[in-house]
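See below for the structure under consideration.
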Amino acid sequence: MWDFIISFFPRAVMQGMPLLYGSTGEILTEKAGNLNLGIPGIMYVGAISGVIGAFFYEQAVPKEQMIGILAVLIPMLCCLLGSLLMGLLYCFLTVTLRANQNVTGLAMTMFGVGFGNFFGGSLIKLAHSEVPSLTFATTSDFFGDGKVPGWLAYVGIGIAILVSLFLRFTRKGMQLRAVGENPATADAAGINVTRYKYVATIVGSMIAGLGGLYYVMECAHGTWANEGFGDRGWLAIALVIFTTWRPSISIFASILFGGLIILSEHLSLPLGVKELYKLAPYVVTLIVLIIVSLRKKRENQPPQSLGLSYFREER
Amino acid sequence: MLHIAKRAGIPAWKAWLIRGGAIVLALIVCAIVTMIVTGLNPITVFKTMFDGTLGSSRRIWITVYRIAILLGISLAVTPAFKMRFWNIGAEGQVLIGAFAAAVCMFYAGKMPFFQNPDVPLAVKNLIVIPCMVIASLLAGALWGFLPAFFKSRWNTNETLFTLMMNYVALQIVKFMIAYRDVKYPWSSNGTVVGIFNSDQKLGAYSVGWLPEVAGTRYLLPAAVIGVLTVVLYLYLKYSKHGYEIAVVGESERTAMYAGIKVNRVIVRTMVLSGMICGLVGCLLVGTDRTLTDTLVDGRGYTAVMVSWMSKFNPIGMIFSSFLLVFMQYGAKEVASKPELGLNHSFADILTGIILFFIIGCEFFINYQLQFSRSKKREV
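Heads up: the sequence lines are chains A and B, in that order. With the first sequence counted from 1, adding 104 to any position gets you our numbering. With the second sequence counted from 1, adding 643 to any position gets you our numbering.
So this is what it looks like as structure tokens:
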């Protein structure tokens, strides 16, 4: 039993961390009133941008001469840049052009997943690999050994704690929440609504993008396969509801979800039942969503203006 | 100084002109992106897309069928959207409808009555197909009812609710495909379900397949969706229900004061939405004659965008569906040509670009930019 826990827990953490990154980013975004359904796409773009960076660095430099700090920084910066651009696009469309957030988000997910798989496919072709996947064993070794969570996992937990503290205790965090609750009031109080929405959404996207990179470098241990990331982006959004918009709870909840993801591999279930078992995270989220709305506790509710565009002259 | 003001109104032709301009602009950007990424002449690429979707009569039929399916799902989400109920669960509603129809088709093929070769096929189908339709309508209705019920009772967030329901439906379908029922397993290897009732030697051959009309199996679903388009247009525009939906969408309070039972309208409309989705699922299964977990293939989400970019106008949706089907499947056709060296995800990138332009152009329809000249005088 003890052995089971020892082998199980680190893997649950590793499976959970991409979800933690995704949900932390989405919470920050939603607290500013933007329901970014493009998170799954952004995570794909973040992952593939990092992969592209790693790919070209590995191609350019022989294995022995690779410098740890560069091997880590290049993919990370590429990943941050890719997800920053996605966040910027989302903000431009929804905040500046006041487009419908649901539609924009769905379009971004479609675009992002396509982008990831397209460039992933192109890289696989470039590398002339025989299997439909790419491996960056050298680069991913700098991120961790693939058995226990590497340093990027601790960064993720750190970011979640920081975001949690930021939203709760700082002036800027409270103003951000005010924007999400009621932008008109925030505007009247002299808060620059547009700037808060932009910054929160872009930073949120970058955090989520890192989740994509984490998945490739640690969960998959440096292997990119098209569609490999799967529907983790949607699970991250589910996690936002599950934790009632609290990144600090998300740390534990994401590990729980991660455990749910890999538990099916540890249990010997018949093939079909395994699929049914994968229902668990979604059903649990649905139940939480219903209970939260039933109890009507004020601090558990979604931000009031979530999903609505703000136009000053329309108050 | 740049100043943004809301337009009071814009003539319809002008709005469509802006949208048309945005699409042309988007196509130009797509052409440039194609050129940069692949180094191919965009004319060649567009020509391949054209050939792939409209090149032969068979391809035209498949394209018509795909347009019909996308249009059907778009129609289904429209009443809910008009009510400002953000139903992004069409994916799951269609899939669960398809699942219900597939269950009927599959287990009917195992019953002695349907295996009896002496009973004419027409009689068997007269029993099975209505069962399939009813089952899929009920399943879709259930998937629509649940989020609506919780929304109307306790104001549960419907976007997130319907999103989760998509995955519930998906996992149920995956379960059924993978499950090795001792007596009647759905698939031999746990991943792929073959064509249902496809064994010509058995009496149950082709039970539950939607009939071919005029030599093609794609005409019937297209015709059903065509009728549905007209009916829904009339329903939304001229019926009392359609009016109530519009009022609830404009303002729930107004609706309440006008004596409209808002909760009832929400539930009723979502059940309708789910039922249409279920019907589309039934058409998919009846025409494809099989069930896969990628049967809907993201079209539930695409439909949200089709409905929205056509301003919930069923006639506009025909054109939007055509555009998106042409781009998506055309790009897939391009990708299938090894000499062009693209993969099928390129379709999603192009579709995404077009959508961004269409989403962005709405701004110029709803708002106008004014350049104030007063600043100059001050200087």
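All C-beta atoms in this analysis are idealised placements derived from N, C-alpha and C, irrespective of residue type, glycine included.
Buried versus exposed call for residue i [16 or more other C-beta atoms within 10 Å across all chains shown]
i	result
A/L123	buried
A/R299	exposed
A/V307	buried
A/N296	exposed
B/E734	buried
B/Y900	exposed
A/A340	buried
A/K400	exposed
A/K276	exposed
A/Y161	buried
A/H325	buried
B/H987	buried
B/K1019	Reliability fails at B/K1019, whose pLDDT of 49 lies under 50, so the model's placement of it is uncertain and no value is given.
A/W255	exposed
A/R243	Strictly speaking, residue 243 of chain A in this sequence is Thr, with Arg absent from that position. By the neighbour-count rule (16 or more Cβ atoms within 10 Å), A/T243 is buried.
A/K301	buried
B/A778	buried
B/T937	exposed
B/K817	buried
A/S111	exposed
B/G858	exposed
B/V870	exposed
A/W106	exposed
A/F219	buried
A/R272	exposed
Top-ranked residue by Cα proximity to residue i, from the options
i	options	result
A/A211	B/G973, B/L967, B/D931	B/L967
A/S350	A/S409, A/C183, A/I131	As written in the sequence, residue 350 of chain A is Arg, which differs from the Ser given in the question. Looking at the Cα atoms, A/I131 is the closest of the given residues.
A/F333	A/I341, A/A342, A/C323	A/C323
B/L927	B/G851, B/S894, B/T897	B/G851
B/L875	B/S830, B/F955, B/D940, B/I675	B/F955
A/L185	A/T200, A/F196, A/L367, A/I146	A/I146
B/V905	B/M918, B/M726, B/D694	B/M726
B/L863	B/W704, B/G846, B/A743	B/W704
A/L390	B/L806, B/L697, B/G787, B/A784	B/L806
B/I772	B/V746, B/F792, B/R796, B/A791	B/V746
B/V707	B/R911, B/E887, B/T696	B/T696
B/K753	B/C920, B/N840, B/G921	B/N840
A/V387	A/L367, A/F361, A/S409, A/E403	A/F361
B/F788	B/V949, B/C925, B/M918, B/L934	B/M918
B/K709	B/F1007, B/Y972, B/Q1013	Note that residue 709 of chain B is Arg in the sequence shown, not Lys. For the residues B/F1007, B/Y972, B/Q1013, the minimum Cα distance to B/R709 belongs to B/Y972.
A/V117	A/I359, A/I395, A/K378	A/I359
Residues of its chain near residue i, where Cβ-Cβ distance is below 7 Å and the 5 sequence neighbours each way are ignored
i	result
B/K649	N1009, Y1010
B/R608	Nothing can be reported for residue 608 of chain B: it is not among the residues displayed for chain B, which extend from 644 to 1022.
B/T945	L713, L967
B/Y1004	Reading the sequence as shown, one finds Cys at residue 1004 of chain B and not Tyr. Same-chain partners within the cutoff: I661, R662, A665.
A/D291	V297, R416
A/C182	S153, G154, I156, G157
A/T198	N138, Q205, T208, S413
Residues that residue i bridges to, as DSSP identifies them
i	result
A/W328	A/L238
B/K649	B/Y1010
Sequence-distant residues of the same chain with beta carbon closer than 6 Å to residue i, five excluded per side
i	result
B/V688	T677, V977
B/Y989	Reading the sequence as shown, one finds Phe at residue 989 of chain B and not Tyr. Result list for B/F989: A974, A978, in chain order.
A/I178	G157, Y161
A/T347	I353, S354, A357
B/V1034	Residue 1034 of chain B lies beyond the residue range present for chain B, which begins at 644 and ends at 1022; the question has no answer from this structure.
Beta-carbon proximity list for residue i, same chain, < 8 Å, skipping 5 on both sides
i	result
B/V1022	With a pLDDT of 44 at B/V1022, under the threshold of 50, the predicted position of this residue should be treated as unreliable, though the coordinate-derived value follows. Same-chain partners within the cutoff: there are none.
B/A669	I996, I997, F999, F1000, I1001
B/D842	Y848
A/G224	I152, V155, L238, W328, A329, N330
B/I815	I739, F742
Under 7 Å from the C-beta of residue i: neighbouring residues of chain D
i	result
A/I394	Annotation note: the requested chain D is absent from the structure, which comprises protein chains A and B.
(message) In chain order, what are the residue ranges of uninterrupted beta strand (DSSP E) at least 3 long that sit wholly in the segment 853-930 of chain B?
(response) none
(message) Which runs of the alpha helix (DSSP H) at least 4 residues long sit entirely within the segment 178-230 of chain A? Give them in chain order.
(response) 205-230
(request) Identify every run of the alpha helix (DSSP H) within the segment 794-829 of chain B, keeping only runs that are complete inside it and at least 4 residues long; order them along the chain. (result) 801-821
(request) Could I get the ranges of all uninterrupted alpha helix (DSSP H) runs contained in the segment 732-786 of chain B, with 4 residues as the minimum, in chain order? (result) 733-751, 755-758
(message) Which runs of the beta strand (DSSP E) at least 3 residues long sit entirely within the segment 308-369 of chain A? Give them in chain order.
(response) 327-329
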